[in-house]
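For the sequence shown, the positions run -28 to -1, 1 to 211 when mature numbering (1 follows the signal peptide of the UniProt record, and there is no 0) is used. In this text, a Cβ means the ideal position worked out from N, Cα and C, and glycines have one as well.
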Amino acid sequence: MGVPFPALKTMVTVFLLLMGNMSPVVLQSSTPLSMVKAFAYEVVTPGSSLACNTVQDLVDTHHKVTVVIQVENWTRYRMMVPRLQIANDGASITNPVAILPGKREAFAVRMPSSGRKGVYGTVSWELIKANRRFVLMWSAPYDFNHHSNWLGLGMTGEGLVDVAAGNTWFDQMYYNSSNASLKFVRKKFYYNVDPFIYSNEKFEAEGEMTNGHKVWVRVIVRPSNNWEDLAYVIRQKLD
């Protein structure tokens, strides 16, 4: 015996009401990260800081310790309001700039002009409309007998976009551990120079660092679980 029409109509109505009250589910793309990387390497292009220079051009040959930091933005969010905080008396050779989606930018720092010191500090960018900051910590020592190169990657919690005063972030990321306002991972680059990854619910950052005194840092910031948040130039290649 068939189901009477009014009963069927009631069932459909209840189903639609239930569906309407459910939160939307964002599914992780089935596209593998390896494919995303292959496309990104094709379409992510140099930004303003690299328009007339290569990364090698930024290296200061007059000082023993220099660090060139390159960051690629694979997300759809603009990385704005850069803040460089050198934790000792080292100096910037060039300054960090905003990083638009689908762009790579770089800047360089060096050891002090006098004394046997390296250079260390943090740099951060606000991810506009994501309401958080990406924070990068580096340490490049003068003397490898006592210290090694270190790199740290992390992000502030949602809604936290203010820059911590002074050396607060450097001290936390070099000496201490994550807390509610800033979560991060760090790695020593001495024998093992393989890349490492910081990840949260929305983003991940993959970083690597050389282990000499002319240091090159390369970091990629990308979505962690939703390719819809990729930069448009990368997303186009996936369609």
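With a threshold of 8 Å on Cβ separation, who are the neighbours of residue 27 within its own chain once the five nearest residues in sequence on each side are excluded?
Counting only Cβ-Cβ distances below 8 Å, and skipping sequence neighbours, we find 40, 42, 78 and 188.
Identify whether residue 58 lies in helix, strand or coil by the three-state DSSP scheme.
If DSSP states are grouped into helix, strand and coil, residue 58 belongs with the strands.
If we count the other Cβ atoms within 10 Å of its Cβ and call it buried at 16 or more, is residue 163 buried or exposed?
Classification of residue 163: exposed, given that the 10 Å Cβ count is below 16.
Would you identify the three-state DSSP class for residue 229, choosing helix, strand or coil?
Outside the shown range of the chain (-28 to 211) lies residue 229, about which nothing can therefore be said.
What is the residue span of the alpha helix (DSSP H) that residue 63 lies within?
Per DSSP, residue 63 belongs to no alpha helix (DSSP H); it is in the beta strand (DSSP E), 63 to 66.
What separation, rounded to the nearest whole angstrom, lies between the Cα atoms of residue 114 and residue 82?
When rounded, the distance between both Cα atoms is 11 Å.
Quick one, are the C-beta atoms of residue 51 and residue 45 less than 7 Å apart?
Their beta carbons are under 7 Å apart, which means residue 51 touches residue 45 by this criterion.
Could you check the C-alpha separation between residue 146 and residue 109 for me, to the nearest Å?
For residue 146 and residue 109, the distance between alpha carbons rounds to 8 Å.
Please list the segments of the alpha helix (DSSP H) lying wholly inside the stretch 86 to 167, counting only runs of 4 or more residues, in order along the chain.
Runs found: 140 to 147.
Nearest-angstrom Cα distance between residue 48 and residue 200?
In a straight line, the C-alpha of residue 48 is about 8 Å away from that of residue 200.
Which of the three DSSP states is assigned to residue 204 in this structure?
In the structure shown, residue 204 sits in a helix (DSSP, three-state: H, G or I).
So, is the C-beta of residue 91 closer than 7 Å to a C-beta in chain B?
Going by chain labels, chain B is absent from the structure shown, which holds only one protein chain.
What is the rounded straight-line gap between the Cα of residue 211 and the Cα of residue 178?
Their backbone Cα atoms lie some 24 Å apart in a straight line.
Reducing DSSP to helix, strand and coil, say where residue 75 ends up.
DSSP places residue 75 in strand when its eight states are reduced to three.
Go ahead and pull the three-state DSSP assignment for residue -7.
Unreliable positioning characterises residue -7 in this predicted model, as indicated by a pLDDT of 43, which lies under 50. The coordinate reading is nonetheless provided below. Three-state result, residue -7: coil.
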